[in-house]
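As structure tokens, the structure follows; a few thoughts come after it.
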Amino acid sequence: MRPSLQRHRSVLDFALSSLLRRKGRNLALTAVYTLVVFVLASLVFFVQALKHEAGELLEHAPDMVVQRMVAGRHDPMPASQVEAIREIRGVEEAEARLWGYYYDPVYGGNLTVMASPDPTLLPGSARIGRGVARNMRVAEGDMVPLRGYDGLPLLFTIQQVLAEDSELVASDLVLLSPADVRTLFHLPEGLATDLAIKAGNPRELTTIATKIVEKFPDARPILKSEMLRTYEAAFDWRGGLMVVVLASAILSFIIFAWDKATGLSAEERKEIGILKSIGWESGDVLLLKFWEGAVVSLAAFLGGVLLAYGHVFFFSATLFEHALKGWSVLFPRFRLIPALDAYQITVLFFLTVLPYTAATLVPCWRAAMADPDSAMRS
Amino acid sequence: MIELAQVVKTYSAGLATPYTAVAGVTLDIPGGQLTVLKGPSGSGKTTLLSLIGCMARPTSGRIHLRGLPPGLLPPGADADPLEITSLPERFLTTIRRRTFGFIFQQFNLVRGISVLENVMLPTYPTGEDREAVEARAVTRLEALGMARHLKAPVDRLSGGEAQRVAIARALINDPPVIIADEPTAHLDSRLSAEFMELMGQFKGAGRTLLIASHDPIVHDSPLADLVIVMRDGQVVSAP
Chain A
14 MRPSLQRHRS VLDFALSSLL RRKGRNLALT AVYTLVVFVL ASLVFFVQAL KHEAGELLEH
74 APDMVVQRMV AGRHDPMPAS QVEAIREIRG VEEAEARLWG YYYDPVYGGN LTVMASPDPT
134 LLPGSARIGR GVARNMRVAE GDMVPLRGYD GLPLLFTIQQ VLAEDSELVA SDLVLLSPAD
194 VRTLFHLPEG LATDLAIKAG NPRELTTIAT KIVEKFPDAR PILKSEMLRT YEAAFDWRGG
254 LMVVVLASAI LSFIIFAWDK ATGLSAEERK EIGILKSIGW ESGDVLLLKF WEGAVVSLAA
314 FLGGVLLAYG HVFFFSATLF EHALKGWSVL FPRFRLIPAL DAYQITVLFF LTVLPYTAAT
374 LVPCWRAAMA DPDSAMRS
Chain B
72 MIELAQVVKT YSAGLATPYT AVAGVTLDIP GGQLTVLKGP SGSGKTTLLS LIGCMARPTS
132 GRIHLRGLPP GLLPPGADAD PLEITSLPER FLTTIRRRTF GFIFQQFNLV RGISVLENVM
192 LPTYPTGEDR EAVEARAVTR LEALGMARHL KAPVDRLSGG EAQRVAIARA LINDPPVIIA
252 DEPTAHLDSR LSAEFMELMG QFKGAGRTLL IASHDPIVHD SPLADLVIVM RDGQVVSAP
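First to last, the protein sequences are chains A and B.
Heads up: the first sequence begins at 14 in our numbering, then just goes up one per residue.
Heads up: the second sequence begins at 72 in our numbering, then just goes up one per residue.
Shown next, in the form of structure tokens:
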């Protein structure tokens, strides 16, 4: 082996044995460090994956949604408006949608009830999200009662529980036939909740929106790009909510690194003196301390990142569930698709590993620069 | 072999309470002999040893090393005598590592690691082959009767055993000069006598020995070729 490699190997071996000599202290240190990296990495992974999911979902969303506003509030649209909008040049498809919210007093949860255009969903049948099935403790083939606008119960047979993949958006979803939605919410024929529009050329969307508003001043067109912005803002806000957690984690890390930077035990100082007196250079001592810091910080970084990966992508960020997954009692249970951003992991690496390693080196550098004769006098 | 000219060492120089530990020492320490620095505590013996052993630099004065084999000199330093007081830290470390073996009063072993690892420790930064170093360390320890303690942590050793480990460590790089600071301070008379016997063997092997001690077993030993008496940082008696 080349002398320079042999030198690194010997110093690294000694660094490992030094860490083992102070087992309790170093394990506690690594555990705290791992926890900080775990919290930071969980946040990064979670927010990143949610943004990714939102982007994927909106890819299949309509190019534009048109609502009717009355006194500043959303109101059902008359079918005549739907037909007129459909005839505007540039509109390729216009689908009148029926949907609404249903509060279930028994389970204390809000459900999103939508009419499905699928003709195989017959009146009296329902397709429900996993959150609804879980909360109501029902399965395919069971009957579910929903209380109509007049207080009378309507019974639906569950035709299908929606796939797990769609749980992020479909957890609280109940799909009914259009006739059943009208009966449940007392929506007369000829009225729709809103209108989903697909444009032949997405560049014409703004022009189409302008034409709609000119024709129907009470209409409110919402473009897909605006929805995307709202989603991003929502997830950023949720990410922002966790800024408090993030700030605490970073603060603990700074305190932790500062403690390390200012605290070099008398035993460590004496050891540095001994090493220098038996022929180690200041650079050799710094190499030793660099390896010690690198072993602790790399172990903590890898451990923290792997734990965070498991936590977010295998256990659906259980620890952040209540803070991050919305306000409903129907918390969606879903598995996020891993969406890792190399840039963010690199930033996390530089924010955690480098400051710690530097913090380890600073006090040792001071001690290593002292004359080795201090060892003679101890 | 080691020449000191008007060497002064002042600690906290320029501060409110400067302390001069060595005050203008001029000495000539011959090679291949046992020299004892004798004197009470605070007389400057330890400071003088650390200056000679390249552990600290004098405030003023010069120290020369004469007759060092070329292999022990740092690259680029080929003068004879070699003036060591103005060398950069890297050169000083190389000289310290190759030329001097230190035996400290408190032994200064690294706690928590084995006897063998303590002896090998000075060689780690050199990049020398580990197996060769280990074989050499085992030989040194066996010669000092420590073969059965190779894997034992140094914390469990008695005072005499710890000192033999410190001696083996001082010898690992095969230095021509052994420096010992109050080596018998923590030993009983029997172990002190054994230590001097070992020093006799090293002297017989041609090594230069420099011991600071106020123990009569050391300075009255027939092995001592030169006894230098120090007081208040100055040499008060030298042949």
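Positions of the beta carbon are idealized from the N, C-alpha and C atoms, including for glycine.
Since this is a predicted model, take the numbers as computed values, not measurements.
**Request:** Report, in whole angstroms, the separation of the C-beta atoms of Val248(B) and Val190(B), which I expect to be a contact under 8 Å.
**Result:** For the purposes of this step, residue 248(B) is taken as residue 177 along the second sequence, with counting starting at 1. For the purposes of this step, residue 190(B) is taken as residue 119 along the second sequence, with counting starting at 1. A Cβ-Cβ distance of about 18 Å is found for the pair Val248(B) and Val190(B), leaving them out of contact under the 8 Å criterion.
**Asked** Does the distance from the CB of Lys302(A) to the CB of Leu374(A) come in under 8 Å?
**Response** Counted from its first residue, the first sequence places residue 302(A) at position 289. Counted from its first residue, the first sequence places residue 374(A) at position 361. The answer is yes: Cβ separation under 8 Å.
**Prompt:** Would you call Tyr369(A) buried or exposed, if buried means 16 or more other Cβ atoms sit within 10 Å of its Cβ?
**Reply:** Taking the first sequence and counting its residues from 1, one reaches residue 369(A) at position 356. It is buried - the Cβ of Tyr369(A) has at least 16 other Cβ atoms within 10 Å.
**Message:** With a threshold of 8 Å between beta-carbons, can Gly183(B) be considered close to chain A, or not?
**Reply:** Stepping through the second sequence from its first residue, residue 183(B) is reached at position 112. Chain A contact via Cβ: present.
**Message:** For Phe178(B) and Gly37(A), I'd like the C-alpha separation in whole angstroms.
**Reply:** To locate residue 178(B), count along the second sequence from 1; it is residue 107. To locate residue 37(A), count along the first sequence from 1; it is residue 24. Taken atom to atom, the span from the alpha-carbon of Phe178(B) to that of Gly37(A) is near 26 Å.
**Asked** Could one say the Cβ of Pro193(B) lies closer than 8 Å to chain A's Cβ atoms, at least one of them?
**Response** Taking the second sequence and counting its residues from 1, one reaches residue 193(B) at position 122. Judged by the 8 Å Cβ criterion, Pro193(B) is in contact with chain A.
**Prompt:** Would DSSP call Met183(B) helix, strand or coil?
**Reply:** Taking the second sequence and counting its residues from 1, one reaches residue 183(B) at position 112. One point to set straight first is that residue 183(B) is Gly, not Met, in the sequence displayed. In this structure, Gly183(B) counts as coil in the three-state DSSP scheme.
**Prompt:** Between the segment 202-220 of chain A and the segment 65-84 of chain A, do at least 3 Cβ pairs fall closer than 8 Å?
**Reply:** The segment 202-220 of chain A is in contact with the segment 65-84 of chain A.
**Item:** Backbone CA spacing between Leu262(B) and Lys116(B) [nearest angstrom]
**Value:** Locating residue 262(B) in the second sequence gives position 191, counting from the first residue. Locating residue 116(B) in the second sequence gives position 45, counting from the first residue. Going by the C-alpha atoms only, they are around 22 Å apart.
**Prompt:** For the alpha helix (DSSP H) that Asn39(A) lies in, which residues bound it at each end?
**Reply:** The residue given as residue 39(A) occupies position 26 in the first sequence. Element bounds for Asn39(A): 36-72.
**Request:** Closer than 9 Å by beta-carbon distance: list the chain B residues that pair up with Glu305(A), in chain order.
**Result:** Reading the first sequence from its first residue, position 292 is the one you call residue 305(A). Near Glu305(A) there are no residues of chain B at all, since even the closest Cβ is about 14 Å away, more than 9 Å.
**Message:** What does the Cβ neighbour count give for Met382(A), buried or exposed, with the cut at 16 atoms within 10 Å?
**Reply:** Position 369 of the first sequence, counting from 1, holds the residue named residue 382(A). Classification for Met382(A): exposed.
**Asked** Who are the neighbours of Ala127(B) on chain A, taking C-beta pairs under 8 Å?
**Response** Here the question's residue 127(B) lines up with position 56 in the second sequence. Under the 8 Å cutoff, chain A gives Asp384, Pro385, Asp386.
**Short Cβ contact (8 Å threshold) for Leu297(B) with Met267(B)** = To locate residue 297(B), count along the second sequence from 1; it is residue 226. To locate residue 267(B), count along the second sequence from 1; it is residue 196. In terms of Cβ geometry, Leu297(B) and Met267(B) do not form a close pair [threshold 8 Å].
**Message:** Just checking: is the beta-carbon of Thr164(B) within a distance shorter than 8 Å of some beta-carbon in chain A?
**Reply:** Position 93 of the second sequence, counted from the start, is the residue given in the question as residue 164(B). At a cut-off of 8 Å between beta-carbon atoms, Thr164(B) makes contact with chain A.
**Request:** Could you please give the first and the last residue of the uninterrupted beta strand (DSSP E) stretch that includes Pro287(B)?
**Result:** Here residue 287(B) refers to the residue found at position 216 of the second sequence. From DSSP, Pro287(B) is part of no beta strand (DSSP E) but of the alpha helix (DSSP H) over 287-290.
**Item:** Expected contact under 8 Å - CB spacing of Thr97(B) and Tyr90(B) to nearest Å
**Value:** In the second sequence, counting from the first residue as 1, residue 97(B) sits at position 26. In the second sequence, counting from the first residue as 1, residue 90(B) sits at position 19. Not quite, the Cβ-Cβ distance comes to about 21 Å (not below 8 Å), so this is no contact.
**Message:** Could you tell me the alpha carbon to alpha carbon distance between Asp193(A) and Val360(A), rounded to whole angstroms?
**Reply:** Translated into positions along the first sequence, residue 193(A) becomes position 180. Translated into positions along the first sequence, residue 360(A) becomes position 347. Going from the Cα of Asp193(A) to the Cα of Val360(A) covers about 52 Å.
**Asked** With a cut-off of 8 Å, does the C-beta of Gly198(B) fall near any C-beta of chain A?
**Response** Translated into the one-based positions of the second sequence, residue 198(B) becomes position 127. Closer than 8 Å: yes.
**Prompt:** Name the chain B residues that come within less than 9 Å of Asp297(A), Cβ to Cβ?
**Reply:** By 1-based counting over the first sequence, the position of residue 297(A) is 284. Residues of chain B with a Cβ closer than 9 Å to the Cβ of Asp297(A) are, in chain order, Thr164, Tyr195, Pro196.
**Message:** I'd like the ranges of any beta strand (DSSP E) spanning at least 3 consecutive residues and lying wholly in the segment 123-170 of chain A.
**Reply:** Inside the segment 123-170 of chain A, DSSP marks whole beta strand (DSSP E) runs of 3 or more residues at positions 138-141, 156-160, from first to last along the chain.
**Prompt:** Which residue from Val145(A), Asp131(A), Pro130(A), Leu70(A) puts its Cα closest to that of Gly121(A)?
**Reply:** For the purposes of this step, residue 121(A) is taken as residue 108 along the first sequence, with counting starting at 1. Of the candidates Val145(A), Asp131(A), Pro130(A), Leu70(A), Val145(A) places its Cα closest to the Cα of Gly121(A).
**Asked** Ile287(A) versus chain B: which residues are under 9 Å apart at the beta carbon?
**Response** As a working note, residue 287(A) is residue 274 in the first sequence. The answer, in chain order, is Phe175, Asn179, Leu180, Val181, Leu192.
**Request:** Tell me where the alpha helix (DSSP H) around Ala232(B) begins and ends.
**Result:** What you label residue 232(B) is simply residue 161 of the second sequence in a count that begins at 1. According to the sequence as given, residue 232(B) is Glu; it is not Ala. Where Glu232(B) is concerned, the enclosing alpha helix (DSSP H) stretches over 230-242.
**Item:** Residue-level contact to chain A via CB, Arg168(B), 8 Å cutoff
**Value:** Sequence index remark: in the second sequence, residue 168(B) carries index 97 (1-based). It does: the Cβ of Arg168(B) has a partner Cβ on chain A nearer than 8 Å.
**Request:** State yes or no: is the beta carbon of Ser121(B) nearer than 8 Å to at least one beta carbon in chain A?
**Result:** The count along the second sequence starts at 1 and reaches residue 121(B) at position 50. Yes - at least one Cβ of chain A is within 8 Å of the one on Ser121(B).
**Prompt:** Could you give the residue range of the beta strand (DSSP E) that holds Glu106(A)?
**Reply:** Within the first sequence, residue 106(A) is the residue found at index 93, counting from 1. Looking at the DSSP string, the run of the beta strand (DSSP E) that includes Glu106(A) is 104-110.
**Message:** Am I right that Pro196(B) and Trp293(A) are in contact with their C-beta atoms under 8 Å? What's the rounded C-beta distance?
**Reply:** Your numbering for residue 196(B) matches position 125 in the second sequence. Your numbering for residue 293(A) matches position 280 in the first sequence. Contact between Pro196(B) and Trp293(A) holds: their C-beta atoms lie close to 5 Å from each other, under 8 Å.
**Request:** Pick helix, strand or coil for Leu343(A), following the three-state DSSP scheme.
**Result:** Here residue 343(A) is taken as the residue at index 330 of the first sequence, counted from 1. Its pLDDT being 48, under 50, Leu343(A) is placed unreliably in this model, and the coordinates cannot settle the point.
**Message:** I'd like the list of long-range same chain contacts for Ser260(B), defined as Cβ closer than 6 Å, with 5 residues on each side in sequence excluded.
**Reply:** Locating residue 260(B) in the second sequence gives position 189, counting from the first residue. Excluding residues within five positions, none has a Cβ falling inside 6 Å.
**Asked** Are the beta-carbon atoms of Asp185(A) and Ile171(A) separated by less than 8 Å?
**Response** Here residue 185(A) is taken as the residue at index 172 of the first sequence, counted from 1. Here residue 171(A) is taken as the residue at index 158 of the first sequence, counted from 1. Not closer than 8 Å, so no.
**Asked** Is the segment 119-130 of chain B touching the segment 155-165 of chain B, taking contact as three or more C-beta pairs under 8 Å?
**Response** Yes, the segment 119-130 of chain B touches the segment 155-165 of chain B.
**Request:** Could you check what DSSP says for Glu406(A) in three-state terms: helix, strand or coil?
**Result:** Only positions 14 to 391 of chain A appear in this structure, which leaves residue 406(A) out of reach.
**Asked** Who are the Cβ neighbours of Ala212(A) in its own chain at under 8 Å, not counting the five residues just before and after it?
**Response** By one-based count along the first sequence, residue 212(A) stands at place 199. Here the set comprises Asp76, Met77, Gly103, Val104, Glu105, Leu218, Ile221.
**Request:** Using three-state DSSP, classify Ser195(B) as helix, strand or coil.
**Result:** Locating residue 195(B) in the second sequence gives position 124, counting from the first residue. According to the sequence as given, residue 195(B) is Tyr; it is not Ser. It is helical.
**Message:** Suppose contacts are defined by Cβ-Cβ distances below 8 Å. Is Leu135(A) in contact with Ser190(A) by that definition?
**Reply:** Mapped onto the first sequence, residue 135(A) falls at position 122. Mapped onto the first sequence, residue 190(A) falls at position 177. Judged by beta-carbon spacing, Ser190(A) lies within the 8 Å limit of Leu135(A), meaning their Cβ atoms are closer than that value.
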